[in-house]
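Student: In the working numbering, the protein residues as written are -10 to 240.
Every residue gets a Cβ at the ideal spot worked out from N, C-alpha and C, and that includes glycine.
Below you will find the structure I want to go over with you.
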Ligand SMILES: [Zn+2]
């Protein structure tokens, strides 16, 4: 007997079943507030929902290390009529999963793409200033942002916006950098992070069809040697170690 027929039938049945699940409304999981001096992780999310799509490693830092994970909402999408509602959805999502939420500016930044970077440097530089200020104020130990080939123009734009902000801050600033993957696959991922199945709250809240979302890459911003890693929700092939985040001089 060919086992794949059963496999495909079961997968199709599970997807149909999930389509009837409620759109949120679940009680928030019990958790304690991070200590005021807890290390901070910043997520630079190009759009509302990216923070949970790529959020496996940040969620582990929150749950296992009690870090303060802060989602920086770079944009609130390009549909201006939807931006206020998307902010409300994002607040509910972050509140549920336990991420702190930080605005860039009311209704989010706009024009975060390479075309605008080239043709509208004044607006772009204002956005760079905004992210540089947030990085400086939050002094994160690690940041998460899309890799430079993540297909979507705003994801790629967010990559360059963060890199430009880091460049503006210069050598006085340092943190670990984790490049994330969503739309476009990385050529050289170097890390696979396991996320337990019962940690699916973020996806439950957003309930998009991204349940197999792969994510995340990492880079050593300190040395400038950009390397990449990759995570997958529910993977059993974890290769990541915590040593990256627990170097003696960072404790
Ligand atoms: Zn996005």
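To the nearest angstrom, how far is the alpha carbon of residue 149 from that of residue 2?
Tutor: Going by the C-alpha atoms only, they are around 41 Å apart.
Student: Taking the alpha helix (DSSP H) that residue 182 belongs to, which residues open and close that run?
Tutor: Looking at the DSSP string, residue 182 is not in any alpha helix (DSSP H), and its letter there is neither H nor E.
Student: Does ligand 1 have a heavy atom nearer than 7 Å to the CB of residue -1?
Tutor: Not under cutoff, so the answer is no.
Student: Excluding sequence positions up to five away, which residues of its chain have a Cβ less than 6 Å from the Cβ of residue 17?
Tutor: Excluding positions up to five away in sequence, the list reads 85.
Student: Between which residues of its own chain and residue 113 is the CB-CB distance below 7 Å, once the five residues before and five after are set aside?
Tutor: Counting only Cβ-Cβ distances below 7 Å, and skipping sequence neighbours, we find 105, 106.
Student: So, are the CB atoms of residue 135 and residue 25 less than 8 Å apart?
Tutor: Cβ atoms of residue 135 and residue 25: not closer than 8 Å.
Student: For ligand 1, enumerate in chain order all residues having a CB closer than 5 Å to any of its heavy atoms.
Tutor: Residues flagged by the Cβ proximity filter: 35, 36, 39.
Student: When you compare only the Cα positions, how much space is there between residue 158 and residue 118?
Tutor: Answer to the nearest angstrom: the Cα atoms are 10 Å apart.
Student: Quick one: Cα of residue 44 to Cα of residue 144, how far?
Tutor: Cα-Cα distance, rounded: 15 Å.
Student: Below 8 Å between beta carbons: does that hold for residue 29 and residue 154?
Tutor: Going by C-beta atoms, residue 29 is not nearer than 8 Å to residue 154.
Student: From this set, 65, 88, 81, which residue's C-alpha is nearest residue 101's C-alpha?
Tutor: Measuring from the Cα of residue 101, the nearest candidate turns out to be 65.
Student: Could you name the residues of the same chain whose beta carbon sits closer than 8 Å to that of residue -5, not counting the 5 residues immediately before and after it, in chain order?
Tutor: Closer than 8 Å at the Cβ level, and outside the excluded window around residue -5, lies no residue.
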